[in-house]
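Visitor: My numbering numbers the first residue of the sequence shown as 3 and each following residue consecutively. For each residue, glycine too, the CB sits at the ideal point set by N, CA and C. Computed from a predicted structure; not experimentally measured. Below you will find the structure I want to go over with you.
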Amino acid sequence: MKSKLTRQEPIYDYVYFDNEICRYEDAQIGLASTSLQYGFNVFCGIRGYHINGQNYIFRLKQHYQRFMDANKIMGFGVEITYDKFCNVLFELVKKNQIVEDFYIRAFIFTPNTHLAPKQHKDVYQVSVYMQKLSSKFDPQKGQKLQISSFVKYSDNAISTKAKVGGSYVNSLLASQNAKLSGFDDALMVSENGYICECSISNIIIVKNNEVFTPNLSDGPLGGITLRSAIEVLNYNNINVNYISLTRSFAYSCDEMITTGTALGVQKVNQIDHCELNLQKNEIFTLLYNEFEKIFSNQHELSKKWLSKVV
Ligand code: PMP
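Okay, here's the thing in structure tokens:
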């Protein structure tokens with residue numbers, strides 16, 4: 003049976019592909035492409051907000067920088083200036099006539115084909131699609147996390163600081179296993195034995211009125227929501243310490259919070275068998291309320307962090 007190119011997610015009609023804007027259905031990549039066969043691509047996921055009839059993009063510069071770092075780390079050699087990147091995204095938002103909150107997925111891939119996972123001299127290009135953000139995890143519900151038996155790959159295996167397509171098999175296996183066991187997501191441990199992050203989000207921990215996050219050298223992605231959360235806490239005169247996070251510390255913490263583009267900030271109410279004390283939610287509540295203001299353009303930091311689509 004011939005499978006039709008269908009869009010299962012609420013993806014908008016127009017995409018950026020091969021240096022131009024075209025319809026989703028017309029952007030096709032060959033079956034044998036190295037990016038498809040071996041996951042040789044890097045991507046970024048960015049949030050867009052529709053506020054009072056105007057579209058905004060959250061922390062565009064930081065996403066661009068992490069995207070370009072990933073391009074460099076992987077040796078893809080794509081050259082795209084910040085102005086050009088913004089221009090592509092703005093044109094696409096306008097072409098898609100977006101009038102709701104949205105999500106942007108930009109990625110770098112190669113249409114080249116090789117039987118072996120080879121990339122030397124391949125030509126890589128930037129593509130972008132956008133979609134409606136449909137599901138939002140209820141922030142009051144709280145997440146149940148399982149410390150995963152799927153170990154987070156190390157930075158010497160695949161960069162933990164670049165969002166490499168193929169590396170997400172690791173996230174997928176961990177989160178799938180957690181969900182099949184009745185949890186919402188996986189808490190992943192790095193090869194050095196420390197807890198580093200969830201499948202697609204970073205973590206913040208609170209214990210005895212001090213706030214912590216895992217050392218970047220223990221394997222988590224340098225999350226832009228995490229960085230923003232730290233800046234929001236600093237803005238409220240709260241310091242965040244970087245630590246190597248042990249299982250015991252996680253089980254006995256007062257609060258755990260997850261941060262990421264997909265789900266924003268979420269509180270955690272259970273890690274494995276350990277229930278957290280949900281009465282102690284001060285840092286989560288502060289972050290949640292501050293982010294709600296930021297995302298609706300009602301915070302001093304909104305001016306800095308929301309780029310107006312023009
Ligand atoms: N860790 C991983 C592995 C991720 O994929 C993501 C999502 N990009 C995050 C953390 C959170 O990063 P950000 O806040 O930039 O979305």
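1. Determine the contact status of Asp71 and Lys163, defining contact as a CB-CB distance below 8 Å.
2. Quick check: the Cα distance between Ala264 and Lys282, rounded to an integer number of angstroms?
3. Using 8 Å for Cβ pairs, my map puts Leu62 next to Asp103. What's the rounded Cβ distance?
4. Going by DSSP, what residue range makes up the beta strand (DSSP E) through His52?
5. Excluding five sequence neighbours on each side, which residues of the same chain lie with their C-beta closer than 7 Å to the C-beta of Ala176?
6. Based on the DSSP output, what are the partners of Asn291 in its beta bridges?
7. Nearest to Gly316 by CA position, among Asn21, Phe42, Asn54, Val311, is which residue?
8. At a cut-off of 7 Å, would you count Asn204 as near ligand 1, judging by its Cβ distance to the nearest heavy atom?
9. Among all the DSSP beta bridges, which residues are the ones paired with Asp187?
10. Count the other CB atoms within 10 Å of the CB of Val171; is the residue buried (16 or more) or exposed (fewer)?
11. Going by DSSP in three states, Tyr155 sits in which element: helix, strand or coil?
12. Going by the CB atoms, is the gap between Cys88 and Phe69 shorter than 8 Å?
13. Ala108 lies in the beta strand (DSSP E); which residues open and close that run?
14. Are the CB atoms of Ile273 and Leu182 nearer to each other than 8 Å?
15. One question on the structure: do Ser129 and Ala34 come within less than 8 Å of each other, judged by their Cβ atoms?
16. I need the boundaries of the beta strand (DSSP E) containing Phe60, first residue and last residue.
17. Is the CB-CB distance between Thr36 and Pro119 below 8 Å?
18. Going by Cα to Cα distance, which pick from Glu27, Lys143, Ser309, Asn238 is closest to Arg9?
19. Could you check if Val125 is buried or exposed, using at least 16 other CB atoms within 10 Å of its CB as the buried criterion?
20. Select from Asn204, Gly221, Leu247 the residue whose C-alpha is nearest the C-alpha of Ala159.
21. Between Ile226 and ligand 1, is the CB less than 7 Å from at least one heavy atom?
22. From which residue to which residue does the alpha helix (DSSP H) around Asn89 run?
23. Taking Asn243 and Glu212 to be in contact with their CB atoms under 8 Å, please state how far apart those CB atoms are, rounded to whole angstroms.
24. Buried or exposed: Asn57, going by 16 or more other Cβ atoms within 10 Å of its Cβ?
25. Can we count Glu199 as close to ligand 2, meaning its CB is less than 7 Å from some heavy atom?
26. Are there three or more Cβ pairs, one per stretch, closer than 8 Å when the region 255-264 is compared with the region 202-211?
27. Write down every uninterrupted run of the alpha helix (DSSP H) in the region 219-264 whose length is 4 residues or greater and which is fully enclosed by it, in chain order.
Guide: So, from the data block:
1. Taking 8 Å as the Cβ cut-off, Asp71 and Lys163 qualify as a contacting pair.
2. Near 24 Å, if we compare the C-alpha coordinates of Lys282 and Ala264.
3. About 15 Å; that fails the 8 Å criterion.
4. Looking at the DSSP string, the run of the beta strand (DSSP E) that includes His52 is 44-53.
5. Closer than 7 Å at the Cβ level, and outside the excluded window around Ala176, lie Ser150, Phe152, Ala188, Met190, Ser201.
6. Asn291 is not bridged to any residue.
7. Within the shown structure, residues of the chain are numbered from 3 to 312, placing residue 316 beyond reach of any answer.
8. Correct: Asn204 has its Cβ closer than 7 Å to ligand 1.
9. As a beta-bridge residue in DSSP terms, Asp187 pairs with Leu147.
10. Around the beta carbon of Val171, fewer than 16 other beta carbons sit within 10 angstroms, so the residue counts as exposed.
11. If DSSP states are grouped into helix, strand and coil, Tyr155 belongs with coil.
12. Against a cut-off of 8 Å, the Cβ pair of Cys88 and Phe69 comes out as no contact.
13. 104-111 is the span of the beta strand (DSSP E), which, as asked, contains Ala108.
14. Contact check for Ile273 against Leu182 fails: the beta carbons are separated by 8 Å or more.
15. No; because the gap between Cβ atoms is not below 8 Å, this pair is not in contact.
16. Segment 56-60, the beta strand (DSSP E) holding Phe60.
17. Against a cut-off of 8 Å, the Cβ pair of Pro119 and Thr36 comes out as a contact.
18. Per the Cα distances, Glu27.
19. The residue is exposed, with fewer than 16 neighbouring Cβ atoms inside 10 Å.
20. That would be Gly221, whose Cα lies nearest to the Cα of Ala159.
21. Because some heavy atom of ligand 1 lies under 7 Å away, the Cβ of Ile226 counts as near it: yes.
22. Counting along the chain, the alpha helix (DSSP H) containing Asn89 begins and ends at 84-97.
23. Right, their Cβ atoms sit about 7 Å apart.
24. Only buried fits Asn57, as 16 or more other CB atoms lie within 10 angstroms of its CB.
25. This structure simply doesn't include ligand 2; it includes ligand 1 instead.
26. Output reads yes: the region 202-211 touches the region 255-264.
27. Here the runs fully enclosed are 226-237, 249-253.
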